[in-house]
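Structure, as structure tokens:
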Amino acid sequence: MEGGRLWQPFWRGKRVLVTGHTGFKGAWLCLMLRELGAEVVGFARDIPTQPALFELAHLDDDLRSIRGDIRNFEHLRTTVRDAQPEIVIHMAAQSLVRRSYQEPLETYATNVMGTAHVLEAVRQTSGVRVAIVVTSDKCYQNHDAIHGFVEADPMGGSDPYSSSKGCAELITAAYRASFFSSTAKAETAIATVRSGNVIGGGDWAEDRLVPDLMRAFAADQPAAIRNPLFVRPWQHVLEPLKGYLMLAEKLWDAPGDFSEAWNFGPRDEDAQPVSVIADRLAELWEGDASWELAVGEQPCEAHSLKLNCEKAREELGWWPRTTLDTALQWTVQWYQAFQNGLDARAVTQQQICQFLGTKIPLNTQVPTAGFAKAG
83 MEGGRLWQPF WRGKRVLVTG HTGFKGAWLC LMLRELGAEV VGFARDIPTQ PALFELAHLD
143 DDLRSIRGDI RNFEHLRTTV RDAQPEIVIH MAAQSLVRRS YQEPLETYAT NVMGTAHVLE
203 AVRQTSGVRV AIVVTSDKCY QNHDAIHGFV EADPMGGSDP YSSSKGCAEL ITAAYRASFF
263 SSTAKAETAI ATVRSGNVIG GGDWAEDRLV PDLMRAFAAD QPAAIRNPLF VRPWQHVLEP
323 LKGYLMLAEK LWDAPGDFSE AWNFGPRDED AQPVSVIADR LAELWEGDAS WELAVGEQPC
383 EAHSLKLNCE KAREELGWWP RTTLDTALQW TVQWYQAFQN GLDARAVTQQ QICQFLGTKI
443 PLNTQVPTAG FAKAG
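In structure tokens form, the structure reads like this:
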């Protein structure tokens, strides 16, 4: 089947440690893992936004949630040793480009040394079979080339966030070569993953396109858009998460064949300018939804960014199941359902089950207008 399938029996009972589990992407991942039957431990510094999907979905009731900072190595190491995870998915990060200009030292400390701390904690803990480090599509040295970046392209970054993610890739590669290729630790597979610009319900981050649009539309105000002509590889958040989990299954079975870097991005035609996304979301929202050009000087960002994901398609059997328009429809439906007072966890689980092709539990079904089909 195009897009591949996750093997539910594989995940049932697996011990998984997720760093950054309280964030937008982390909360979706934890709900997805729980749907598959995994036992999850989360490690994160705090709840990054208010509101937050993690709290709205009551994830504290479903997993062991530990508050801690990945910059504190001793606390992190103790957590990993106590949790005894079989799989580690490292997502904790300072993830905003604009904030990286304001807080460069915190960005590097979190994204660079934090990654080193996670890898060192894994190295010092027996029983970890798979570790996946989540970086970013912005890790590449980007001179606004129109081609899609492939995994072997050089790392780089002209802003603190992007360069910190390039550094995280280099650190992971060095740890893999130095410590996880030896006979003493050969059972641990280490990979990095780079996804496109993820969208979906439950994201309330600052200075991010879709949350900014949803906040403005809900308040009946025009949204301020910084760079309407910039091109990004947009995809629903479930797409790369599914790719990460498919990769984990492969790493478990054949660590020597898959311990490397992987791109998970949308179809080529779904890399679109910001203005196209804003126009379509406004159309889907209906009413007086609109946007306008933001005033003032904006920090430097790459004009164009695309990913080449043929490697994941050919070697993992992963390919996006949802089109960009489906992703946008699901996103608006989620926020409108939330605005109308529907249960955020039930709405999220319904989209996860529809995406995975699993049965939607009766207690999670919500009376929405009907989600667009994947594909």
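For any residue, its number in the numbering used here is found by taking its place in the sequence shown, counting from 1, and adding 82. C-beta atoms are modelled at their ideal positions from N, C-alpha and C, and glycine is treated no differently. For clarity, every value in this text was computed on a predicted model and none was experimentally measured.
By the DSSP assignment, the alpha helix (DSSP H) with residue i in it spans what residues?
i	result
Gly230	Neither: Gly230 is in no alpha helix (DSSP H) and is coded neither H nor E.
Pro310	First-last for Pro310: undefined, no H or E at that position.
Met296	291-300
Trp93	90-93
His140	Looking at the DSSP string, His140 is not in any alpha helix (DSSP H), and its letter there is neither H nor E.
Cys249	242-261
Cys435	426-438
For the candidate residues the options, whose alpha-carbon lies nearest to that of residue i?
i	options	result
Ala255	Glu156, Ser240, Ala343, Ala298	Ala343
Glu396	Gln436, Phe340, Gln354	Phe340
Gly378	Pro355, Asp164, Ile307	Ile307
Leu438	Gln421, Asp425, Trp400, Thr207	Trp400
Ala120	Val100, Ala234, Leu375	Val100
Tyr190	Gly338, Leu366, Asp241, Gly284	Asp241
Cys407	Cys391, His103, Met173, Ala353	It is worth fixing the name first, because residue 407 is Asp in this sequence and not Cys. Closest option to Asp407, Cα to Cα, is Ala353.
Ile253	Thr404, Leu201, Phe106	Leu201
Leu277	Tyr326, Asp294, Gly283, Gly238	Looking at the sequence itself, residue 277 is Ser, so the reference to Leu does not match. With distances taken between Cα atoms, Ser277 lies closest to Tyr326.
Leu363	Tyr222, Trp416, Pro133	Trp416
Arg403	Phe231, Val122, Glu321, Ser147	Glu321
Pro91	Leu389, Glu331, Val210	Glu331
Gln436	Asn224, Trp412, Ala126, Asn422	Trp412
Arg181	Asp289, Phe231, Arg211, His225	Asp289
Arg153	Asn193, Gly105, Ile434	Asn193
Assuming residue i contacts residue j (C-beta within less than 8 Å), just tell me the rounded distance between them.
i	j	result
Leu387	Val275	Contact flag wrong, Cβ pair sits at about 16 Å.
Gln166	Arg97	6 Å
Ala360	Ala305	7 Å
Leu118	Leu88	6 Å
Gly102	Ala174	3 Å
Ala250	Thr217	5 Å
Gly283	Gln317	About 14 Å; that fails the 8 Å criterion.
His199	Phe155	5 Å
Which first and last residues belong to the beta strand (DSSP E) in which residue i is found?
i	result
Arg97	97-101
His172	169-172
Looking at the strands, I want to know which residues DSSP matches up with residue i.
i	result
Ser147	Gly124
Ala343	Thr274
Glu188	In DSSP, Glu188 forms no bridge with anything.
Glu374	Ala306
Tyr222	Met237
Ile281	His318
Asp215	Going by the sequence as given, residue 215 is Val instead of Asp. Val215 is bridged to His172, Thr274.
Ala353	Pro315
Ser410	According to the sequence provided, residue 410 is Leu. The question's Ser does not apply to it. In the DSSP output, where bridge partners are listed per residue, Leu410 has none listed.
Ser182	BP columns for Ser182 are empty, so no partner.
Leu118	Leu118 is not bridged to any residue.
Ser386	Val313
Comparing the C-beta of residue i with each C-beta of chain D, is any distance below 8 Å?
i	result
Glu117	No chain D is part of this structure, which consists of one protein chain only.
Next item on the list: Count the C-beta pairs between the stretch 99-118 and the stretch 250-266 that are closer than 8 Å, then say yes if the count reaches three, no if not.
Entry: Segments in contact, no.
Margin query: If contact is defined by three or more beta carbon pairs under 8 Å, each pair taking one atom from either stretch, is the stretch 236-255 in contact with the stretch 313-322?
Written below: Result no; under three Cβ-Cβ pairs closer than 8 Å.
Check: Are the stretch 150-167 and the stretch 198-215 in contact at 8 Å, needing three or more beta carbon pairs?
Finding: In short, these stretches touch, since the Cβ pair count reaches three.
Margin query: Using a Cβ distance threshold of 8 Å, determine whether the stretch 424-431 contacts the stretch 293-303, with at least three qualifying pairs required.
Written below: Here the stretch 424-431 does not lie against the stretch 293-303, with fewer than 3 beta-carbon pairs under 8 Å apart.
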